[in-house]
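Engineer:
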Amino acid sequence: MRLPPWLEKGSYLALLYSLLLEFLVPELKKVWAIKLGLYLAYAILLLYLLIWVLQFLMWPLHLVLKRRYTSAAISLISLPLRLISPPMLATSLLQLIGELAVRARYRFRPPTPEAYRQQVSYTLPFKGVWWVGNGGPDASTSHSWHLVGQRYAYDFLITDESGKTYRHDGWRLEDYYAFGAPVLAPADGVVVAVQNRHHDCPWPGVLDPFAWSILGNYVLIRHADNEYSLLAHLRRGSVKVRPGDRVLRGQIVGECGNSGNSSEPHLHFQVQDHPNFFLAASLPVRYSRWSRVKGEDCQRVEEGFPVRGEHVANCESAPNP
705 MRLPPWLEKG
715 SYLALLYSLL
725 LEFLVPELKK
735 VWAIKLGLYL
745 AYAILLLYLL
755 IWVLQFLMWP
765 LHLVLKRRYT
775 SAAISLISLP
785 LRLISPPMLA
795 TSLLQLIGEL
805 AVRARYRFRP
815 PTPEAYRQQV
825 SYTLPFKGVW
835 WVGNGGPDAS
845 TSHSWHLVGQ
855 RYAYDFLITD
865 ESGKTYRHDG
875 WRLEDYYAFG
885 APVLAPADGV
895 VVAVQNRHHD
905 CPWPGVLDPF
915 AWSILGNYVL
925 IRHADNEYSL
935 LAHLRRGSVK
945 VRPGDRVLRG
955 QIVGECGNSG
965 NSSEPHLHFQ
975 VQDHPNFFLA
985 ASLPVRYSRW
995 SRVKGEDCQR
1005 VEEGFPVRGE
1015 HVANCESAPN
1025 P
């Protein structure tokens, strides 16, 4: 796995800084600010070392333990690292500030399915049948009801007939049915922003302790005034559009991946009212021309909300009823 840029560059600077103080001008260590900087440099180097130890232990753990125990063991290591990760700490702070700002902007009355009138008709952003892992229009099904920015977001995955999201033992990203699946524009629009260089977390079942962006790789499309679609956690290097590009409904814009705040390959999708993720309220838009799929049965929905636990598809890619 490629290291996060902030840690890779920081480790080089930390090494130079520590060598300079230890061997060339050790008397500077008497200055408290410089001494504090030295401790920070050591902490960064230790974090860098922990990454390589963690990666070195992955395969032996997998050979000895079952998948669920391996993931649990790695999670015990990764969770403390996430708590001290500078990007994740910054993200938490931005989310808190943004949440307060959004609620204030709406005077603590954010959009609701009953009151919101969408400007654009949206379709589901994928081909074939996907499973709604998270998402819905009310508190019982919502992705994150208490976060206005993600209240009406969705997490989509692909499962097999038994409900599993992966083949074999699910140890590799390539084992997951959703990994590499095409992601589509949900409506016509203009690309506002993209990210295409974030690494995919190579450890399914574990939240990446070294992610430097909560969204990972993403595409943000403007469809109308105050209506933007966000497609996140995309596969590194898979984004096929650039800012300023005009896209059409159903156009492939990237591939499903495992980048950012993702525990396994899936698509995070939402429509929001602002181009900045941290300052946006998610919008309760109804999706057009899709189907609920149960085995061989297919129920067409002209307009409505997918709900957690359902298998859904665009009508043209759903199985015949």
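First residue of the sequence shown: 705, per the working numbering; consecutive thereafter. The C-beta atom is built at its ideal place from N, Cα and C for all residues, glycine as well.
Cutting at 7 Å between CB atoms, please list the residues of its own chain near P815, excluding the five before and the five after it.
Structural biologist: The residue labelled residue 815 in the question sits at position 111 within the sequence shown. Cβ-Cβ distances below 7 Å link P815 to A985, L987, P988 in the same chain, with the five nearest sequence neighbours on each side left out; the list follows chain order.
Engineer: Let me check understanding here. Comparing Cα to Cα, which of P979, D904, R1012, E959 lies closest to L888?
Structural biologist: Residue mapping note: residue 888 aligns to position 184 of the sequence shown, counting from 1. Checked all of P979, D904, R1012, E959; the closest Cα to L888 is E959.
Engineer: Whole angstroms is fine: what's the gap from A891's alpha carbon to Y826's?
Structural biologist: Within the sequence shown, the letter at position 187 stands for residue 891. Within the sequence shown, the letter at position 122 stands for residue 826. Distance from the CA atom of A891 to the CA atom of Y826, rounded to whole angstroms, is 5 Å.
Engineer: For the alpha helix (DSSP H) containing V806, list its first residue and its last residue.
Structural biologist: Counting from 1 along the sequence shown, the entry for residue 806 is found at position 102. Counting along the chain, the alpha helix (DSSP H) containing V806 begins and ends at 790-809.
Engineer: Which residue marks the beginning of the beta strand (DSSP E) containing D1001, and which one marks its end?
Structural biologist: Residue numbering aside, residue 1001 sits at position 297 when the sequence shown is read from its first letter. D1001 -> beta strand (DSSP E) spans 1001-1008.
Engineer: Quick test of your reading: I918 and V896, contact by CB under 8 Å. State the CB separation rounded to the nearest angstrom.
Structural biologist: The residue you call residue 918 lines up with position 214 of the sequence shown. The residue you call residue 896 lines up with position 192 of the sequence shown. Not confirmed; about 18 Å, so no contact.
Engineer: Give me the Cα-Cα distance between G948 and V894, rounded to the nearest whole angstrom.
Structural biologist: For this step, residue 948 is matched to residue 244 along the sequence shown. For this step, residue 894 is matched to residue 190 along the sequence shown. G948 and V894: Cα-Cα distance of roughly 6 Å.
Engineer: At which residue ranges does the segment 930-1007 contain complete beta strand (DSSP E) runs of 3 or more residues, listed in the order of the chain?
Structural biologist: Here the runs fully enclosed are 931-938, 956-959, 971-976, 991-998.
Engineer: Going by other Cβ atoms of all chains shown within 10 Å of its Cβ, with 16 needed for buried, is Q1003 buried or exposed?
Structural biologist: On the sequence shown, residue 1003 is found 299 positions in, with the first residue counted as 1. Exposure of Q1003 is indicated by the presence of fewer than 16 other C-beta atoms within 10 angstroms of its C-beta.
Engineer: For N838, which residues does DSSP report across the bridge?
Structural biologist: The count along the sequence shown starts at 1 and reaches residue 838 at position 134. N838 has D859 as its beta-bridge partners, per DSSP.
Engineer: Looking at C-beta atoms only, is the number of pairs between the segment 851-858 and the segment 788-806 that lie closer than 8 Å three or more?
Structural biologist: Counting Cβ pairs under 8 Å, three or more are found: they touch.
Engineer: For V852, which three-state DSSP category applies?
Structural biologist: Along the sequence shown, read from residue 1 onward, the residue named residue 852 stands at position 148. Correct three-state label for V852: helix.
Engineer: Please state whether DSSP places D904 in a helix, a strand or coil.
Structural biologist: On the sequence shown, position 200 is the one that residue 904 refers to. DSSP places D904 in strand when its eight states are reduced to three.
Engineer: Pairs of beta-carbons, one from the segment 866-873 and one from the segment 924-941, closer than 8 Å: are there three or more?
Structural biologist: no
Engineer: Could you give the C-beta distance for S848 and L911, rounded to a whole number, given that I count them as a contact under 8 Å?
Structural biologist: As a first step, residue 848 is located in the sequence shown; it is residue number 144 there, counting from the start. As a first step, residue 911 is located in the sequence shown; it is residue number 207 there, counting from the start. In fact, because the Cβ distance is near 15 Å, the residues do not count as touching under 8 Å.
Engineer: According to DSSP, is L828 part of a helix, a strand, or is it coil?
Structural biologist: For the purposes of this step, residue 828 is taken as residue 124 along the sequence shown, with counting starting at 1. If DSSP states are grouped into helix, strand and coil, L828 belongs with coil.
Engineer: Who are the near neighbours of S992 in its chain, counting only those whose CB is closer than 7 Å to its CB and skipping five residues on each side?
Structural biologist: Start at 1 with the first residue of the sequence shown, and residue 992 comes out as number 288. Here the set comprises S825, Y826, T827, E1006, E1007.
Engineer: Can you tell me where the beta strand (DSSP E) holding L924 begins and where it ends?
Structural biologist: Here residue 924 refers to the residue found at position 220 when the sequence shown is read from its first residue. Where L924 is concerned, the enclosing beta strand (DSSP E) stretches over 921-928.
Engineer: CB-CB under 6 Å to C905, same chain, minus the five flanking residues each way: which ones, in chain order?
Structural biologist: Here residue 905 refers to the residue found at position 201 of the sequence shown. Result list for C905: D912, N962, in chain order.
Engineer: Cα separation between G1013 and L983?
Structural biologist: In the sequence shown, residue 1013 corresponds to position 309, counting from 1. In the sequence shown, residue 983 corresponds to position 279, counting from 1. Going by the C-alpha atoms only, they are around 29 Å apart.
Engineer: Under the rule that 16 or more other beta-carbon atoms within 10 Å means buried, what is L793, buried or exposed?
Structural biologist: Numbered from its first residue, the sequence shown carries residue 793 at position 89. Classification of L793: exposed, given that the 10 Å Cβ count is below 16.
Engineer: Within 10 angstroms of its Cβ, does S933 collect 16 or more other Cβ (buried), or is it exposed?
Structural biologist: If you number the sequence shown from 1, residue 933 lands on position 229. Classification for S933: buried.
Engineer: CA-CA distance, N900 and H1015?
Structural biologist: Your numbering for residue 900 matches position 196 in the sequence shown. Your numbering for residue 1015 matches position 311 in the sequence shown. The alpha-carbon atoms of N900 and H1015 are separated by roughly 28 Å.
Engineer: To the nearest angstrom, how far is it from the Cα of Y880 to the Cα of I862?
Structural biologist: As a first step, residue 880 is located in the sequence shown; it is residue number 176 there, counting from the start. As a first step, residue 862 is located in the sequence shown; it is residue number 158 there, counting from the start. Going by the C-alpha atoms only, they are around 8 Å apart.
Engineer: Following the continuous beta strand (DSSP E) through H1015, name the residue where it begins and the one where it ends.
Structural biologist: For this step, residue 1015 is matched to residue 311 along the sequence shown. 1015-1018 is the span of the beta strand (DSSP E), which, as asked, contains H1015.
Engineer: Less than 7 Å between the C-beta atoms of L971 and F883, yes or no?
Structural biologist: As a position in the sequence shown, residue 971 is number 267, starting the count at 1. As a position in the sequence shown, residue 883 is number 179, starting the count at 1. The answer is no: Cβ separation not under 7 Å.
Engineer: Whose C-alpha, out of R990, C1019, F973, D977, is nearest the C-alpha of G837?
Structural biologist: As a working mapping, residue 837 is identified with position 133 in the sequence shown. Nearest C-alpha to G837: F973.
Engineer: Quick check on DSSP: helix, strand or coil for L911?
Structural biologist: Here residue 911 is taken as the residue at index 207 of the sequence shown, counted from 1. Three-state result, L911: coil.
Engineer: CB V1011 to CB T845, shorter than 7 Å?
Structural biologist: The sequence position of residue 1011 within the sequence shown is 307, counting from 1. The sequence position of residue 845 within the sequence shown is 141, counting from 1. Contact flag set, yes.
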